[in-house]
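K.L.:
Take the sequence shown: its letter number 260 is residue 260 in UniProt numbering, and every next letter is one higher.
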Amino acid sequence: MLALGKLLELTLAGREPTEKIQLTREGARLHWLGLGALEVTPPVGADCGLDLLLSAGIHGNETAPIELLDRLLQRIASGQLIPQARILFLFGNPEAMRRGERYIEQDINRLFSGRHEQSSGPEALRANELERLAAAFFSKTGRARLHYDLHTAIRASKIEQFALYPYAEGRKHSASELARLRAAGIDAVLLQKKVGITFSSYTYAHLDAEAFTLELGKARPFGQNQEVNLDLLEQRLQQLIENNEPADTRLDGLQLFSVAREVIKHSDAFKLNLPSDVENFSELPVGYLLAEDIAGTRWLVEEQGARIIFPNPKVKNGLRAGILIVPTTL
Ligand SMILES: [Zn+2]
């Protein structure tokens, strides 16, 4: 296998490879662009016209998706997989990956769409770098653009594998992309209603890619990932890479949700009335007092069929402490 196929090893060691460009025997080109960043170009004449960005490790302790990308790249580097798509592999937060932490100073996935400019520190610099790498990759015209940003969640979930579909003014969510997600084993999709500050929100709204944050199960320590089954996703990614994806238009069983409200923490007095181990997608009855904050602010559930995702009362003031979602259709 080519040395550049060991991007994960290089990234964790913080090493720069001596050779930055290598060719597989089949003629695919691997180009190391910087720490945790590698671009794959298909052999001459084999390009199907898809630009595929695959990122993981935006949160450093989410090992299962990092290992999935490592397996795909190793297969390309050893000639087992012959790419027909251009691919950019990105490991989001190398320093946090090294330490096995979610982040060092702040959550990178709240620093995109220019938010890093109002901040400083290692994560702000990295978010800026990731935006530049993604923008350069998605700069060729007339090609299909797809980005999957792979994560595992902090907490358990009533729906184990789900996607967040970003929002941009004037753009419609794509039914065929939803069918593709369904075939990749995704059980639910949250359709967002405003432009966000995550990595996938940036590539969707600013780079015109189809883009998704995929939550693939609970982040667990090494050796305990057997319950995180990524087989369907792995198979679908290989098919995308090799351009032999079966046509799949069915949405059967895919649950769709939309954001009803984001619960914002305004002060240190913020109190979230949920058990600390509450699962994502837990249902909340109408009339439930979800949270309280300074100056008598109360968050009462008014929506039928409401559920909570990403509850986290420990976020910094001014940030989102949870999302209230409701069932929807396309
Ligand atoms: Zn994550």
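Even for Gly, the Cβ is constructed at its ideal location relative to N, Cα and C.
(1) Quick one: measure Cβ to Cβ for residue 249 and residue 176, integer angstroms, because I've assumed they're closer than 8 Å.
(2) Contact check, residue 165 vs residue 214 under 8 Å by CB: the rounded distance?
(3) Tell me whether the beta-carbon of residue 212 lies closer than 8 Å to the beta-carbon of residue 130.
(4) Could you name the residues that DSSP lists as bridge partners for residue 147?
(5) Below 8 Å on the Cβ atoms is my guess for residue 58 versus residue 92; work out the distance and round it to an integer in Å.
(6) Using the beta-carbon count (16 or more within 10 Å), is residue 210 buried or exposed?
(7) For the segment 190 to 276, which segments carrying the beta strand (DSSP E) assignment without a break, of at least 3 residues, lie completely within its bounds, in sequence order?
(8) So does residue 151 have its beta carbon nearer than 7 Å to some heavy atom of ligand 1?
(9) Would you be able to state if there are at least three C-beta pairs under 8 Å between the segment 267 to 284 and the segment 228 to 241?
(10) The beta strand (DSSP E) with residue 291 in it runs from where to where?
(11) If we ignore side chains and look at the alpha-carbon of each, how far apart do residue 66 and residue 296 end up?
(12) Span of the beta strand (DSSP E) holding residue 41?
(13) With distance defined between alpha-carbon atoms, name the residue in 106, 152 and 139 nearest to residue 123.
(14) Mind the definition here: the segment 256 to 267 touches the segment 237 to 248 only if three or more C-beta pairs lie below 8 Å; say whether that holds.
(15) Count the other C-beta atoms from every protein chain shown that fall within 10 angstroms of the C-beta of residue 246, then say buried if there are 16 or more, exposed otherwise.
(16) Using only the heavy atoms of ligand 1, determine whether one of them is closer than 7 Å to the beta carbon of residue 323.
(17) Heavy atom of ligand 1 less than 7 Å from the Cβ of residue 108, yes or no?
(18) One question on the structure: do residue 294 and residue 269 come within less than 8 Å of each other, judged by their Cβ atoms?
(19) Nearest-angstrom Cα distance between residue 184 and residue 69?
(20) Can you tell me the Cα-Cα spacing of residue 337 and residue 189, whole angstroms?
(21) Counting along the chain, where does the alpha helix (DSSP H) carrying residue 74 start and finish?
(22) Starting from residue 34, follow its DSSP beta bridges and name the residues at the other end.
(23) What are the residues that DSSP puts in a beta bridge with residue 157?
(24) Assuming contact is defined by CB atoms lying nearer than 8 Å, are residue 181 and residue 168 in contact in what I supplied?
(25) Kindly indicate the opening and closing residues of the beta strand (DSSP E) around residue 163.
(26) Say the cut is 7 Å; is the CB of residue 334 nearer than that to a heavy atom of ligand 1?
(27) Once the 5 residues before and after residue 279 are set aside, which same chain residues still bring their CB inside 6 Å of it?
(28) Alpha carbon to alpha carbon, how far is residue 17 from residue 252?
(29) Any beta carbon from chain D within less than 8 Å of residue 169's own beta carbon?
(30) Among the candidates 288, 284, 233 and 299, whose CA atom is the shortest distance from the CA of residue 262?
P.N.:
So, from the listed chains and residues:
(1) To locate residue 249, count along the sequence shown from 1; it is residue 249. To locate residue 176, count along the sequence shown from 1; it is residue 176. Right, their Cβ atoms sit about 7 Å apart.
(2) Indexing the sequence shown from 1 puts residue 165 at position 165. Indexing the sequence shown from 1 puts residue 214 at position 214. Residue 165 to residue 214, Cβ: 10 Å. No contact.
(3) Residue 212 sits at position 212 when you count from the first residue of the sequence shown. Residue 130 sits at position 130 when you count from the first residue of the sequence shown. Taking 8 Å as the Cβ cut-off, residue 212 and residue 130 do not qualify as a contacting pair.
(4) As a first step, residue 147 must be located in the sequence shown, where it is residue number 147. 53 and 211, per the DSSP bridge assignment.
(5) Residue numbering aside, residue 58 sits at position 58 when the sequence shown is read from its first letter. Residue numbering aside, residue 92 sits at position 92 when the sequence shown is read from its first letter. Contact flag correct, Cβ pair sits at about 3 Å.
(6) Locating residue 210 in the sequence shown gives position 210, counting from the first residue. It counts as buried.
(7) 210 to 218 and 255 to 264
(8) The count along the sequence shown starts at 1 and reaches residue 151 at position 151. Yes, since a heavy atom of ligand 1 falls inside the 7 Å radius drawn around the Cβ of residue 151.
(9) no
(10) As a first step, residue 291 is located in the sequence shown; it is residue number 291 there, counting from the start. Taken as a continuous stretch (DSSP letters only), the beta strand (DSSP E) holding residue 291 covers 289 to 293.
(11) As a position in the sequence shown, residue 66 is number 66, starting the count at 1. As a position in the sequence shown, residue 296 is number 296, starting the count at 1. Rounded to the nearest angstrom, the two C-alpha atoms are 43 Å apart.
(12) Position 41 of the sequence shown, counting from 1, holds the residue named residue 41. From DSSP, the beta strand (DSSP E) with residue 41 extends over 37 to 41.
(13) Within the sequence shown, residue 123 is the residue found at index 123, counting from 1. Per the Cα distances, 106.
(14) no
(15) As a first step, residue 246 is located in the sequence shown; it is residue number 246 there, counting from the start. Result: exposed.
(16) To locate residue 323, count along the sequence shown from 1; it is residue 323. Not under cutoff, so the answer is no.
(17) Within the sequence shown, numbered from 1, the residue matching residue 108 stands at position 108. No, Cβ of residue 108 sits at least 7 Å from all heavy atoms of ligand 1.
(18) In the sequence shown, residue 294 corresponds to position 294, counting from 1. In the sequence shown, residue 269 corresponds to position 269, counting from 1. Yes, the Cβ-Cβ distance between residue 294 and residue 269 is below 8 Å.
(19) Taking the first residue of the sequence shown as 1, we reach residue 184 at position 184. Taking the first residue of the sequence shown as 1, we reach residue 69 at position 69. Going from the Cα of residue 184 to the Cα of residue 69 covers about 15 Å.
(20) Any question about residue 337 goes unanswered here, given that the chain covers just 1 to 330.
(21) Mapped onto the sequence shown, residue 74 falls at position 74. It spans 63 to 77 - the alpha helix (DSSP H) in which residue 74 sits, taken as one unbroken run.
(22) The sequence position of residue 34 within the sequence shown is 34, counting from 1. Answer by DSSP bridge pairing, in chain order: 37.
(23) The count along the sequence shown starts at 1 and reaches residue 157 at position 157. Answer is 280.
(24) Here residue 181 corresponds to residue number 181 of the sequence shown, with the count starting at 1. Here residue 168 corresponds to residue number 168 of the sequence shown, with the count starting at 1. In this structure, residue 168 does not lie closer than 8 Å to residue 181 by Cβ.
(25) Translated into positions along the sequence shown, residue 163 becomes position 163. Counting along the chain, the beta strand (DSSP E) containing residue 163 begins and ends at 162 to 165.
(26) The structure shown does not extend to residue 334, since the chain spans only 1 to 330, so no value can be given for it.
(27) For the purposes of this step, residue 279 is identified with residue 279 of the sequence shown, where counting begins at 1. Once the five neighbours on either side are set aside, the close Cβ partners of residue 279 are 156, 157 and 158.
(28) If you number the sequence shown from 1, residue 17 lands on position 17. If you number the sequence shown from 1, residue 252 lands on position 252. Computed Cα separation, rounded: 46 Å.
(29) Among the chains of the structure shown, chain D does not appear; only one protein chain is present.
(30) One-based indexing of the sequence shown puts residue 262 at position 262. Taking only the C-alpha atoms, the option nearest residue 262 is 299.
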